[in-house]
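In what follows, a single structure is set out as C-alpha cells and then discussed.
Shown next as C-alpha cells:
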C-alpha cells in the first residue's frame with residue numbers, strides 16, 4: 016500500500032496493486048479545512064480496511080466520526096476536541112476545545128497535546144508571524160514562535 020500525504024500529513028490518495036499487479040487508486044480523500052471528509056461517490060467514508068481508516072493528519076478515523084489523536088478525540092464536523100485540553104493554561108487566550116488554534120491551515124496538533132506551526136520553511140514561518148503580529152492591532156498581544164529541539168512552539172504574550 017502506498018499513500019500520498021499533503022504538507023499537513025493528510026492522507027489524500029492510497030494506491031495498491033490490483034490482481035494483475037497494476038497500481039490503482041483504492042481510496043482518495045478531500046477535506047474541508049477542519050478535517051471533515053468530502054463525501055463523494057465511489058469510495059466509502061468509513062473504510063473497513065486498516066489503510067482506509069487513517070485520513071486527516073494521518074489519524075485513525077473512528078466509527079463515531081471522530082479522529083483518534085492519542086491524547087484526545089477530535090470532531091471534524093465541528094472543528095473541536097471532545098474533551099478539554101490538558102494543557103489549557105499554556106494557551107489561556109484560546110478555548111481549551113478549539114483545534115489547531117482555530118487555524119488548521121497554519122497549525123497542526125500531532126497528538127492532541129500541543130500546537131505546532133505547519134509551515135515548512137523559516138521564511139514562511141516569519142511571514143506568518145509578521146502577519147499575525149501586524150493584525151493583532153495596537154501591540155497589545157504578540158505571537159512568538161520558538162524553536163526547541165526541532166519543534167515549533169507558539170507563545171502568545173500580553174504586552
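Residue numbers (this note's numbering): 16 to 174. Just so you know, even glycine gets a beta-carbon here, dropped at the ideal spot from N, CA and C.
Where the beta strand (DSSP E) through residue i begins and ends
i: residue 71; result: That residue, residue 71, is in no beta strand (DSSP E); it is neither H nor E in DSSP.
i: residue 127; result: Per DSSP, residue 127 belongs to no beta strand (DSSP E) and is neither H nor E.
i: residue 88; result: 88 to 90
i: residue 17; result: 17 to 20
Same chain, Cβ closer than 8 Å to residue i, neighbours up to 5 away in sequence not counted
i: residue 133; result: 22, 23, 120, 121, 122 and 123
i: residue 40; result: 28, 29 and 30
i: residue 99; result: 111 and 112
i: residue 153; result: With a pLDDT of 48 at residue 153, under the threshold of 50, the modelled position of that residue is not reliable, and no figure is offered here.
i: residue 38; result: 17, 30, 31 and 32
Same chain, Cβ closer than 6 Å to residue i, five either side skipped, listed in chain order
i: residue 92; result: 51
i: residue 88; result: 81 and 97
i: residue 53; result: 45
i: residue 69; result: 26 and 75
i: residue 48; result: 119
Those residues which DSSP pairs with residue i across a bridge
i: residue 39; result: 31
i: residue 113; result: 95
i: residue 52; result: 46
i: residue 132; result: 122
i: residue 76; result: 82
Neighbourhood of residue i by C-beta, 7 Å cutoff - its chain only, sequence neighbours within 5 removed
i: residue 103; result: 111
i: residue 19; result: 27 and 28
i: residue 83; result: 74, 75 and 77
Rounded distance between the beta-carbons of residue j and residue i, thought under 8 Å
i: residue 29; j: residue 42; result: 4 Å
Residue i vs residue j beta-carbon contact at 7 Å
i: residue 128; j: residue 86; result: yes
i: residue 36; j: residue 16; result: no
i: residue 114; j: residue 94; result: yes
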